[in-house]
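Single-structure report; data block below.
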Amino acid sequence: MATSRAASLLPIALLMCLAFAGGAGAERKTVGVYELKNKKGDFSIKVTNWGATLMSVIVPDSKGNLADVVLGYDTIAEYVNGSSYFGALVGRVANRVAKGRFVLDGKAYHLYINDGKNALHGGHRGFSKVIWTVKEYVADGDAPHITFFYHSFDGEQGFPGALDVYVTYQLSSPYDLSLRMNATALDKATPVNLVNHAYWNLGGHGSGAVLGHLIQVFASLYTPVDGSMIPTGEVAGVSGTPYDLRRLTPVGSRIGLVSGGGAVGYDVNYAVHGQGMTQVAFLRDPASGRAFELWANQPGVQLYTGNWLKDEKGKGGAVYQQHGALCLETQAFPDAVNHPNFPSEIVRPGGVYRHDMIFKFSS
């Protein structure tokens, strides 16, 4: 990874008057907002080093009209206090760990419980609730990109071992947004499952429900869950169920037949077809013509249809309601650390976790 240029970036970023210190003599860290923009000027994103968070994605529709297609907030303070994980980089282990407990190499580990009796999205102070260091920032040109770094200490939120984590956001031609996540286990074996938690509405972030969006998920299997959203361990076929999205399907056509944790809508992990970099999903908004293909190299993808959104005050005065967006989170299987039959998410000392994803936008 490139050496730090953060000091030289501060005048470029839209800096917020938000500093964190861990006591006398502790390092002062400043949170900034950073923009990446293509040469044409019609494709851009904003990110912040608070939670390595994706704050906006602006892309044209079929008529060339620009709109921001991810949900979010106007201020960093709202991200700090928010509970919806809008655009956040979630970890050390995204999704749920049953009872916040797992056994690794004969030793039991206990995580911070923050979702009923379970651990969710890395605990109450997971990677989405910390300040990352800016390692490299190129705002425009042929390949605008930014790289964030976070060092997770041994025992953070109960997880074993120190971990060095990098995430890079990059724009490329014509309208591709890529995320590259990697993490090196420094001294102990540890589970790792990093996820980008963007909420997508291709009609524009404040345009209402996404029930008319067309979705296709390239998966014939999914992982059923119990009442507390913990996988049963079964890997079941989608055929004959409302979870079968192998053909292009309106999001709202069967949404009343599924629920997650008691709320109507999809909140399910699919087992993705193929290995390596493969197409995971396709999403299109017929009204605007905007669409994207999602490609990734992870075994699973969580489809979540914003089931718990209610009166959430967002950007530009928008108020987000149930099903006002959806998430497509490529990932390891939820609670994989407690299910030996699931693909392993364990990274051994010196080993490197790699998670790549690409959103290929079109209109």
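Those letters in the sequence shown? Residues -26 to -1, 1 to 337, per mature numbering (1 follows the signal peptide of the UniProt record, and there is no 0), in order. Cβ atoms here follow ideal geometry from the backbone N, Cα and C, with glycine treated the same way.
>> Can you tell me whether Phe192 is helix, strand or coil according to DSSP?
In response: Residue numbering aside, residue 192 sits at position 218 when the sequence shown is read from its first letter. For Phe192, the three-state secondary structure derived from DSSP is coil.
> Within 10 angstroms of its Cβ, does Gln131 collect 16 or more other Cβ (buried), or is it exposed?
Replying inline: Here residue 131 refers to the residue found at position 157 of the sequence shown. Classification for Gln131: buried.
> First and last residue of the beta strand (DSSP E) that includes Ala255?
Replying inline: For the purposes of this step, residue 255 is taken as the residue at position 281 of the sequence shown. That run of the beta strand (DSSP E) goes 252 to 258.
> So Asn88 is in the beta strand (DSSP E); what residue range does that whole segment cover?
Replying inline: Here residue 88 corresponds to residue number 114 of the sequence shown, with the count starting at 1. Segment: none, Asn88 is in no beta strand (DSSP E) and carries neither H nor E.
> Nearest to Gly248 by alpha carbon, out of Ala72, Ala51, Phe192, Tyr217?
Replying inline: Numbered from 1 along the sequence shown, position 274 holds the residue referred to as residue 248. When only C-alpha atoms are compared, the closest one is Phe192.
>> Going by the DSSP bridge assignment, what does Ala82 pair with across the sheet?
In response: Here the question's residue 82 lines up with position 108 in the sequence shown. Residue pairing by DSSP places Ala82 opposite Val77 in a beta bridge.
>> Please return the same chain residues whose Cβ sits closer than 8 Å to the Cβ of His98, not counting the five positions on each side in sequence.
In response: Here residue 98 corresponds to residue number 124 of the sequence shown, with the count starting at 1. Cβ neighbours of His98 beyond the five flanking positions: Tyr86, Asn88, Gln131.
> Is the CB-CB distance between residue 360 and Asn156 below 8 Å?
Replying inline: Because the chain is modelled from -26 through 337, residue 360 falls outside the range shown and cannot be assessed.
> In whole angstroms, what is the alpha-carbon distance linking Val5 and Ser30?
Replying inline: Counting from one through the sequence shown, the residue named residue 5 turns up at place 31. Counting from one through the sequence shown, the residue named residue 30 turns up at place 56. Their Cα atoms are separated by approximately 16 Å.
> Nearest-angstrom Cα distance between Val43 and Gly177?
Replying inline: As a first step, residue 43 must be located in the sequence shown, where it is residue number 69. As a first step, residue 177 must be located in the sequence shown, where it is residue number 203. Put simply, the backbone Cα of Val43 is about 7 Å away from that of Gly177.
> In three-state terms, what does DSSP make of Gly(-4)?
Replying inline: The sequence position of residue -4 within the sequence shown is 23, counting from 1. Confidence at Gly(-4) is low in this model, with a pLDDT of 39, below 50, so its placement is unreliable and no value can be given for it.
> For Ser233, which beta-bridge partners are listed by DSSP?
Replying inline: Indexing the sequence shown from 1 puts residue 233 at position 259. Beta-bridge pairing links Ser233 to Val238.
> Pairing CB atoms from the segment 91 to 105 with CB atoms from the segment 58 to 78, are three or more of them under 8 Å?
Replying inline: Counting C-beta pairs with one atom in each stretch, the segment 91 to 105 and the segment 58 to 78 have three or more that are closer than 8 Å, which means they touch.
>> Quick check: what's the CA-CA separation for Pro224 versus Asp128?
In response: Working through the sequence shown from its first residue, we reach residue 224 at position 250. Working through the sequence shown from its first residue, we reach residue 128 at position 154. Pro224 and Asp128: Cα-Cα distance of roughly 45 Å.
> Looking at Tyr143 and Ile120, is the spacing between their C-beta atoms short of 8 Å?
Replying inline: Here residue 120 refers to the residue found at position 146 of the sequence shown. Here residue 143 refers to the residue found at position 169 of the sequence shown. Yes, Cβ-Cβ distance for Ile120 and Tyr143 is below 8 Å.
> Terminal residues of the continuous alpha helix (DSSP H) containing Asn55?
Replying inline: In the sequence shown, the residue the question calls residue 55 occupies position 81. Looking at the DSSP string, the run of the alpha helix (DSSP H) that includes Asn55 is 50 to 55.
>> If you follow the beta strand (DSSP E) that Asn156 is in, where does it begin and where does it stop?
In response: One-based indexing of the sequence shown puts residue 156 at position 182. Element bounds for Asn156: 150 to 159.
>> According to DSSP, is Ser262 part of a helix, a strand, or is it coil?
In response: As a working note, residue 262 is residue 288 in the sequence shown. Taken through DSSP and simplified to helix, strand or coil, Ser262 comes out as coil.
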